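S.K.: So the sequence lines, in the order shown, correspond to chains E and C. Everything in the first sequence is counted per this note's numbering, starting at 1 for the first residue and increasing by one. Everything in the second sequence is counted per this note's numbering, starting at 1001 for the first residue and increasing by one. The beta carbon of each residue, even a glycine, is placed where N, CA and C say it ideally should be. Since the structure is predicted, the reported quantities are computational estimates derived from the model, not experimental observations. Next up is a structure, given as structure tokens.
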Amino acid sequence: MSDTKAKDTKANPQNTGSGLPGGIFGQGTPTFLTTKVDFVVNWARRNSLWPMPFGTACCAIEMMSAAASTHDLARFGMERMSFSPRQADVLICAGRVPYKLAPVLRRIWDQMPQPKWCVSMGACASSGGVFDAYSMVQGIDTIVPVDVYVPGCPPRPEALIYGLIMIQEKIRGETLAEHETLRHEDPDAVGRPKADAQQVEALSGPFGNSTLQNRPSGLVPGIPQERPGDRVP
Amino acid sequence: MSDERPSGFKEVEEGPTASDDTHEDRPTAVDVVDEQSHPTVTAARTRFGDAIFRHEVMAGDEHVIFVDPERNYEILEWLKDDPDQLYNFLSDVTAVDYGSGRPIQVVYQLYSIPLRHSIRVKAELPLSHLEIDSVVPLWKAANWLEREVYDMFGVTFRNHPDLRRILMPEVYAEGHPLRKDFPLRGRFSRAEQTRRALAQAPEDYYIAKDFGPGREFQKVGWQELGAEPEPAATPEPEDPADESEHSTDPDERA
């Protein structure tokens, strides 16, 4: 610092001998700084993450609370909920996603420009939750790539903020040298499932209490078991 | 369910029981069978005779009549227009499937705003013939409700103006989900369900069909009045006289 200061005062006649305090570091502060491009780019990106709220259920209530004055998501750079995917950086999928809504979610993700990240908020978006039924997507990671999963049913606003801070930490570790892999976007993948068939089956396998029910999907080999009261189609 | 691991719950083991079974063990289901307690039931029996199959009273004072599904439109039209009945408000149209090959019940929940009485009308459809007359000409509220029954149970409503799926995607190929024989997770594998879901075009459901130029818009009451050849150029929906007429005249109810 002292070297820079001495060199600068000699090189720049405007700063020499004025006797006036200049800059936040005192007299003779240099008017430039050196840093790494990665740091500047990541610093700019992670401190202005605009979320695209895709709220479909009670998780969206907590998301609204996170953006409201008590928790104030804007403190961390999520200054504005971007209700257009064209100006958004983070897709927050808050709530259950039925199959009828899956193409809409995928379309919104495809419309978001790079760089973009995705937060899966809550149990339903992350895994289908308790809705292990015919109409529900079993985790949005079968539809779009997900960076951070926020657990909870629904998660508290602090949990969503923590998930977004994890996105910020993830951005902090990025480098432009990996731009091609990090920001790779396959035009052929637009509108297609993110996971292939085997991945979808693995991700959407029955779990927890739902393994005890006697009505399996086509996932389980064999015909569905029948109760005495069932009507055979 | 295997015998080695019973769940301990009779309903889970054997499936749901029909509410119209014999009720020795369920004394609260049907307590009173008294036609005199509801004037509509007596009048309906007098007028339609054998078309009123039976009459039940649920939960003390909810009267249910089971009608001939072939004559449901005639009976419901009478219930709506007869000056002693005036059931001008259709609360709900739904259906029940009790499983075990029992018939699917189409349920009409009716209420009379001027006379302040209500009744439930059920029509039992055998699984081999899931077809019944639409009541959209009587109550416009039945439009989407009957679409929902068609979507969830596969009941076809004759003369319905727009009978297509309303909750599930229109390309849904796995059947009718609320039937008892429908597996809970659907018939296709999750991968196939995901593939089919993403293969659909959202515009087909949200823009082109419902808001596009090729589609006739649904009109509310005052719009239909304005569509008639009248000298008045613009109808005034906020006219208080118009609104009071809406609430009292049963023919204007949608």
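Could you give the residue range of the alpha helix (DSSP H) that holds C:GLU1077?
M.R.: Per DSSP, the continuous alpha helix (DSSP H) segment holding C:GLU1077 begins and ends at 1072-1081.
S.K.: Should C:LEU1184 be flagged as near chain E, meaning a C-beta pair shorter than 8 Å?
M.R.: yes
S.K.: According to the neighbour-count rule (16 or more other Cβ atoms, all chains shown, within 10 Å of its Cβ), is C:GLN1105 buried or exposed?
M.R.: buried
S.K.: Judging by CA-CA distance, which residue of C:GLY1060, C:ALA1044, C:GLU1070 is the nearest neighbour of C:LEU1130?
M.R.: C:GLU1070
S.K.: Short of 9 Å Cβ to Cβ, which residues in the region 175-209 of chain E face chain C?
M.R.: GLY191, ARG192, PRO193, ALA195, ASP196, ALA197, GLN198, GLN199, VAL200, GLU201, LEU203, SER204, GLY205, PRO206
S.K.: Spatial neighbours of E:GLY128 within its chain, please: C-beta separation below 8 Å, excluding the five flanking residues on both sides.
M.R.: Its chain contains ARG96, MET136, VAL137, GLN138, GLY139, SER204 as the residues whose beta carbon lies nearer than 8 Å to that of E:GLY128, once the 5 sequence neighbours on both sides are disregarded; these appear in chain order.
S.K.: Check the Cβ-Cβ distances between E:GLN138 and every residue of chain C, and say whether any is below 8 Å.
M.R.: Yes, its Cβ sits closer than 8 Å to a Cβ of chain C.
S.K.: Looking at chain D, which residues of the region 103-135 of chain E have a Cβ within less than 8 Å of any of its Cβ atoms?
M.R.: Looking at the structure shown, chain D is missing, and the protein chains on hand are E and C.
S.K.: Work out the CA separation of E:LYS100 and C:ILE1052 for me, nearest whole Å.
M.R.: 41 Å
S.K.: Between which two residues does the alpha helix (DSSP H) carrying E:ARG172 extend?
M.R.: 157-172
S.K.: Counting C-beta neighbours from all protein chains within 10 Å, is the total for E:TRP109 16 or more, i.e. buried, or is it exposed?
M.R.: buried
S.K.: Name the DSSP beta bridge partners of E:ARG183, please?
M.R.: Bridge partners of E:ARG183: none, in fact.
S.K.: What are the boundary residues of the alpha helix (DSSP H) that includes C:THR1046?
M.R.: 1039-1048
S.K.: Starting from the C-beta of E:GLN87, find all residues in its chain whose C-beta is less than 8 Å away, skip the five residues before and the five after it, and write them out in chain order.
M.R.: TRP50
S.K.: From C:LEU1127 to C:ASN1072, what does the alpha carbon distance come to, in whole angstroms?
M.R.: 17 Å
S.K.: Say whether the region 1132-1140 of chain C touches the region 1152-1162 of chain C, bearing in mind that this needs 3 or more beta-carbon pairs closer than 8 Å, one atom from each stretch.
M.R.: The region 1132-1140 of chain C makes contact with the region 1152-1162 of chain C, as at least three CB pairs between them are under 8 Å.
S.K.: In this structure, does DSSP put E:TRP117 in helix, strand or coil?
M.R.: Strand.
S.K.: If you reduce the DSSP assignment to three classes, tell me which class C:ARG1116 lands in.
M.R.: coil
S.K.: Mind pulling the chain E residues with CB within less than 7 Å of C:ALA1191?
M.R.: Contact note: C:ALA1191 reaches chain E through ALA197, VAL200, GLU201, using a C-beta cutoff of 7 Å and chain order.
S.K.: Is there at least one Cβ from chain E nearer than 8 Å to C:GLU1174's Cβ?
M.R.: Chain E, which has a Cβ nearer than 8 Å to the Cβ of C:GLU1174, makes this yes.
S.K.: Does the beta carbon of C:ARG1164 sit closer than 8 Å to a beta carbon anywhere in chain E?
M.R.: no
S.K.: Where DSSP assigns a beta bridge to C:ASP1092, which residues make up the other side?
M.R.: C:GLN1109
S.K.: From E:MET78 to E:ASP188, what distance separates their C-alpha atoms?
M.R.: 31 Å
S.K.: Compare the C-beta of C:THR1194 with all C-beta atoms of chain E and state if any pair is closer than 8 Å.
M.R.: Output row for C:THR1194: interface = yes.
S.K.: Three or more C-beta pairs under 8 Å: does that hold for the region 1093-1105 of chain C against the region 1074-1082 of chain C?
M.R.: no
S.K.: Roughly how many whole angstroms lie between the Cα atoms of C:HIS1176 and C:ARG1196?
M.R.: 17 Å
S.K.: Pull up the DSSP beta-bridge partners for C:THR1156, would you.
M.R.: C:GLU1131
S.K.: Distance, Cα to Cα, C:PHE1048 vs C:LEU1076?
M.R.: 11 Å
S.K.: Which first and last residues belong to the alpha helix (DSSP H) in which E:VAL200 is found?
M.R.: 197-203
S.K.: Determine, for C:ALA1123, whether the minimum Cβ-Cβ distance to residues of chain E falls below 8 Å.
M.R.: no
S.K.: Assuming C:PRO1114 contacts C:LEU1086 (C-beta within less than 8 Å), just tell me the rounded distance between them.
M.R.: 5 Å
S.K.: Since E:LYS36 meets chain C, which of its residues come closer than 9 Å, beta carbon to beta carbon?
M.R.: Ordered by position in chain C, no residue passes the 9 Å Cβ test against E:LYS36, which lies about 40 Å from the chain.
S.K.: Which of the three DSSP states is assigned to E:ALA94 in this structure?
M.R.: strand
S.K.: Under a CB-based cut-off of 8 Å, is E:THR142 close to chain C?
M.R.: Contact with chain C is found for E:THR142, since one of that chain's Cβ atoms lies less than 8 Å from the residue's Cβ.
S.K.: Would E:PRO151 and E:GLU62 qualify as a contact pair, given that the criterion is a beta-carbon distance under 8 Å?
M.R.: No, the Cβ-Cβ distance between E:PRO151 and E:GLU62 is not below 8 Å.
S.K.: Check whether the Cβ of C:GLN1105 lies closer than 8 Å to any Cβ atom in chain E.
M.R.: no
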